[in-house]
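First residue of the sequence shown? That's 0 in numbering that gives the first Met the number 0, and the numbers climb one at a time after it.
Cβ atoms here follow ideal geometry from the backbone N, Cα and C, with glycine treated the same way.
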Amino acid sequence: MRQTNAAASPLPPSEVVARLDQSLPASGLYGDLESGAKGSRAPFRLSPQPIGVSPATLDRIERLGPLLADFYRAAGRLYQDSVRGNVAGWPAKLLDAGKSEFVISLARRNRLRNRFPLVIRPDLMLTEQGAILATELDSVPGGLGVLQALRDGYSRAGLESVGAPLAESFKSGLVAQAGIGDPFVAIVVSEEGDAYRPELTALAEELCRLGLRCRAVWPNELEFDDAGVWLGAPGRGPKVDLIYRFFELFDLENVPGAESMFKAMQARQVVITPPPRAPLEEKLLLALFHHPELTGFWERQLGDDSFAALRQHLPPTWVIDPTPLPPFAAIDPPLTSAGRPVRRWRDLCGATQRGRRMVIKPSGFSPQAWGSRGVTIGHDVPAPEWGDALEAAMVAFEQSPHVLQPYFASRRFSVQWFDMDQNRLRDSRVRGRFSPYFIDSGEDVQLAGILATACPDSSKILHGMADAVMAPVAQDPESPL
């Protein structure tokens, strides 16, 4: 991995930011040319230098990649073993909740049992206590194209950032997954994911410059015949060897040709990545990891050292299951609010603001699971709204399980950004979300960069927004992070 120290560019900040802006798609990002500075392509703030983290923090983040790849493999094994009766049946039942028979049948294909996401992106919080917590894992992540463009823009200004060259790593991973030397890759972007189309189109163009035959396409641009999948008319357009799936499995009804894509995959006519294994896209995997009944399984699959390491990075998580408990039973692992044990989910409805420093999220198979949709932060909403969110999560359990996590505040730090409207540097106190992009080729796991999203320190939910600074990460021995 290329590890470079954060440093000031020899160029003035205005020139650095201008080069960054020009590196972004001319059509803007996320379909938005209005929310950023006047004339800017970025719907967020730009910094004249990458965001620095210490060598020790960088080392801890880089070590996470292989651990998370092993976690996905163990999670896949847990689901298969649960289906077959080799372990308890309830994990598979939870992971199948709300899914169609077609989606479940895809997840259970033996042919896919050794297929795992190509891109692994955890959302990391660097806490005041020094922990690095992966509050979510995303295997269909946005941001790849943004990170590639920003890293390229900083590089043009003489500023390097951590990670292997992103587009080259992604290309190598795609070729490895395709299993042939010169594949044609279609990055299929659904209408649901349309906001990410500009960055993925730009990334596809960069992959072409690197020698990979690649296009970002709408689903309805693909056609099918007995020989396989084609871009355009069969026999005339290029035959597609690999589909990079940028659409969610909950949205298949709105993805033209989705069933035909998966049938072609089953016939070995095309490879699809990430594979359509819906259980691997559920946040409740974190709850299964911490469940006492499954501790032995995880230890056997991961080994003692990896299991212990992941316990330091995957936060306690509970599935909001409304099943009544017997009088002498309790939620396990133990859940407390204001120092008192919680035995029933409705006990939390009346919790004080301090006692509800918790987060409710849809687990995954839902349009509400994208980004910050569907997220409720207990101490950030009035008590009635918190109670309503808990009740809604319990009602939704059979079709769309929700999870609960403690709320973890990311560490505060300072960041500079360039005010393009006022043509001046500004400083802000922020909290950061750090999103490393790991490329898992199946043979090794490579860090291909880290995208930092630095939000105003009053923000409870950390995500891309107009007043957030988004920048790649560089190594900085003087960083407090």
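To the nearest angstrom, how far is the alpha carbon of residue i from that of residue j?
i, j, result
"residue 314", "residue 93", "19 Å"
"residue 0", "residue 180", "Confidence at residue 0 is low in this model, with a pLDDT of 44, below 50, so its placement is unreliable and no value can be given for it."
"residue 32", "residue 45", "Here the model assigns residue 32 a pLDDT of 45, short of 50, so the residue's position is not dependable, and the following value carries that caveat. Each residue's Cα considered, the two are about 14 Å apart."
"residue 425", "residue 80", "54 Å"
"residue 468", "residue 379", "22 Å"
"residue 515", "residue 410", "The structure shown does not extend to residue 515, since the chain is modelled only from 0 through 480, so no value can be given for it."
"residue 445", "residue 218", "29 Å"
"residue 476", "residue 52", "7 Å"
"residue 113", "residue 72", "8 Å"
"residue 427", "residue 334", "36 Å"
"residue 274", "residue 423", "46 Å"
"residue 242", "residue 161", "28 Å"
"residue 197", "residue 329", "49 Å"
"residue 463", "residue 434", "12 Å"
"residue 134", "residue 124", "7 Å"
"residue 191", "residue 254", "9 Å"
"residue 107", "residue 47", "48 Å"
"residue 139", "residue 401", "19 Å"
"residue 109", "residue 83", "12 Å"
"residue 383", "residue 354", "14 Å"
"residue 128", "residue 407", "10 Å"
"residue 356", "residue 130", "18 Å"
"residue 457", "residue 450", "20 Å"
"residue 250", "residue 143", "21 Å"
"residue 228", "residue 238", "6 Å"
"residue 10", "residue 156", "7 Å"
"residue 39", "residue 395", "42 Å"
"residue 55", "residue 404", "27 Å"
"residue 283", "residue 377", "19 Å"
"residue 209", "residue 168", "11 Å"
"residue 352", "residue 332", "22 Å"
"residue 308", "residue 62", "10 Å"
For the beta strand (DSSP E) holding residue i, just list the boundary residues, first then last.
i, result
"residue 360", "357-361"
"residue 297", "It is not in any beta strand (DSSP E) - residue 297 instead sits in the alpha helix (DSSP H) that spans 294-301."
"residue 134", "131-137"
"residue 405", "401-405"
"residue 151", "That residue, residue 151, is in no beta strand (DSSP E); its alpha helix (DSSP H) goes 143-155."
"residue 371", "Taken as a continuous stretch (DSSP letters only), residue 371 belongs to no beta strand (DSSP E), as it is neither H nor E."
"residue 124", "118-125"
With a CB to CB cut of under 6 Å and the five nearest residues on each side skipped, what residues in its chain are close to residue i?
i, result
"residue 285", "313 and 316"
"residue 388", "359 and 375"
"residue 432", "122, 452 and 461"
"residue 136", "121"
Nearest to residue i by CA position, among the options, is which residue?
i, options, result
"residue 99", "364, 423, 431 and 355", "364"
"residue 280", "247, 91, 205 and 172", "247"
"residue 174", "25, 349 and 271", "271"
"residue 298", "10, 9 and 70", "70"
"residue 252", "189, 184 and 96", "189"
"residue 291", "267, 457, 429 and 87", "87"
"residue 259", "221, 151 and 349", "221"
"residue 267", "47, 233 and 226", "226"
"residue 488", "25, 153 and 61", "Because the chain here runs from 0 to 480, residue 488 falls outside it and cannot be looked at."
"residue 185", "261, 417, 208 and 212", "212"
"residue 116", "256, 231, 276 and 232", "276"
"residue 244", "287, 324 and 193", "193"
"residue 465", "331, 419, 480 and 442", "419"
"residue 414", "15, 214 and 478", "478"
"residue 182", "331, 269 and 18", "269"
"residue 289", "303, 310 and 59", "310"
"residue 338", "350, 436 and 386", "350"
"residue 296", "74, 372, 64 and 43", "74"
Mind checking which residues open and close the alpha helix (DSSP H) that includes residue i?
i, result
"residue 289", "283-289"
"residue 62", "54-83"
"residue 532", "Within the shown structure, residues of the chain are numbered from 0 to 480, placing residue 532 beyond reach of any answer."
"residue 21", "12-22"
"residue 102", "100-106"
"residue 171", "165-177"
Can you list, in chain order, the residues of its chain whose CB lies under 7 Å from that of residue i, leaving out five sequence neighbours each side?
i, result
"residue 41", "20, 23, 28 and 35"
"residue 76", "300"
"residue 147", "165, 166, 202 and 205"
"residue 344", "319, 321, 389 and 393"
"residue 96", "397, 398 and 400"
"residue 230", "185, 214, 216, 220, 221, 236, 237 and 239"
"residue 199", "144, 186, 188, 215 and 245"
With a cut-off of 8 Å, does the C-beta of residue i fall near any C-beta of chain B?
i, result
"residue 433", "Within the model displayed, chain B is absent; a lone protein chain is all it includes."
With a threshold of 8 Å on Cβ separation, who are the neighbours of residue i within its own chain once the five nearest residues in sequence on each side are excluded?
i, result
"residue 89", "81"
**OP:** Please specify which runs of the beta strand (DSSP E), each continuous and at least 3 residues long, are wholly inside the region 440-473, giving them in chain order.
**Re:** 444-455
Subject >> Secondary structure, beta strand (DSSP E): runs of 3+ residues fully inside the region 183-249 >> reply: 183-188, 212-216, 221-224, 227-230 and 241-245
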